[in-house]
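Position 124 (the sequence shown) corresponds to 121 in our numbering; numbering is contiguous.
Beta carbons: idealized from backbone N, C-alpha and C, even for Gly.
Here the structure is laid out as structure tokens; the discussion comes afterwards.
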Amino acid sequence: MDTAAGDLISQLRWQLPQRGSQGAVLTLLCAFCRGVPFFADLYPRGEFFKGLCHFESFLSNKPKGTQLQIDLPDIEEVNNADKELIDSVKTEIEYIKSKADILDSITSKIEDKSLRRRVCHNDTKLSNVMMDEKTGRYMCLIDLDTAMKGAIAYDFGDAIRGGASTAAEDETDLSKVTIDLELTRAFTEGFIYELRKRKKDDKFLEPSEAKSLYDGLFIIALELGMRFLEDYILGNIYFKINEDRPLHNLERARNQLKLANEIEKHRDDIVKIINDSLKANGFDDSFLLD
């Protein structure tokens, strides 16, 4: 396998959160979920992101001395993969390589402390939010095994990636795959609205975090495409595939890379949605994306 391509696929494994087991984290987070109130005052649009904001706001004020450990698996070698297999996905690898500069745009800022590191859920799909069946309002987040240190932009981005895509994650007709801007707007409005209620008290959202929201969306779609592609190359050892679909992970990879490309095409629209929501909720120009 091309060494640069192999390194590129491998390196991302530490850049974004992976599944792990953090007992102390689960104790803290489960305590939050048991005590979460019924938010009767929240308006109906964007309930998911209101829930996400409550989750991250609660954990931003965790007790002093609480340590949340990053639990990453060992990085596996992919350089011995079959050359013919690698050649068959060269287009996908080249696309990923062309976006290499943006992949660490968030992690590099965390490392140099220009972007806040906070506790994140890291699997913010809609099915991980409990909703009241009568009112449709947010109750709590579940599936907490992925919770660890990260950036708020990843949780924001992953939720929109999964919730505002116009097609299933393994749709093979890529003409159906794009980003629904109205759903993106609804999600973003709910998220920013909830932040507005907190910003005067504890300055929950920092300007650098607001400016990273679009990047979080693009990176998380690209990252998941990379993970599906890596798993296909390695023989489908992590993500389960349908027995009658041997190319299932490759199909997923192409789907997510197409979604990343669509997100990039609609960057101006998405940035406007984020900025409009920030301005509507009283955030000043220092928070706005360029």
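Local conformation of residue i per DSSP, three classes
i      : result
Gly20  : Interpretation of Gly20 is limited by its pLDDT of 32, a score under 50 that renders its predicted location unreliable; the figure taken from the coordinates is listed afterwards. Three-state result, Gly20: helix.
Val86  : coil
Gly147 : strand
Val174 : coil
Ser209 : coil
Closest Cα partner of residue i within the set the options
i      : options                        : result
Gly154 : Asn278, Met127, Leu210         : Leu210
Arg182 : Gly279, Ile271, Lys276, Asp282 : Ile271
Val86  : Ala277, Glu168, Leu254, Phe284 : Leu254
Ile139 : Leu275, Glu166, Val126         : Val126
Glu191 : Asn119, Ser274, Asn246, Ala164 : Ser274
Asp152 : Ile103, Arg224, Met128         : Ile103
Ala148 : Leu285, Arg114, Arg134, Leu180 : Arg114
Val268 : Glu186, Leu247, Asn252         : Glu186
Glu259 : Glu89, Ala277, Ile176, Thr88   : Ile176
Rounded C-alpha distance that separates residue i from residue j
i      : j      : result
His263 : Ala250 : 20 angstroms
Ile189 : Lys80  : 47 angstroms
Asn239 : Ser111 : 43 angstroms
Thr121 : Leu82  : 32 angstroms
Pro204 : Asp282 : 9 angstroms
Ala257 : Thr143 : 22 angstroms
Asp266 : Glu220 : 22 angstroms
Cys117 : Ser162 : 22 angstroms
Pro243 : Ile234 : 12 angstroms
Glu89  : Asp101 : 19 angstroms
Glu168 : Lys96  : 23 angstroms
Enclosing alpha helix (DSSP H) for residue i [first to last residue]
i      : result
Leu256 : 245 to 262
Glu166 : It is not in any alpha helix (DSSP H) - Glu166 carries neither H nor E in the DSSP assignment.
Ile99  : 97 to 100
Ile107 : 104 to 108
Span of the beta strand (DSSP E), counted from its first residue to its last, around residue i
i      : result
Leu138 : 135 to 138
Arg115 : 115 to 117
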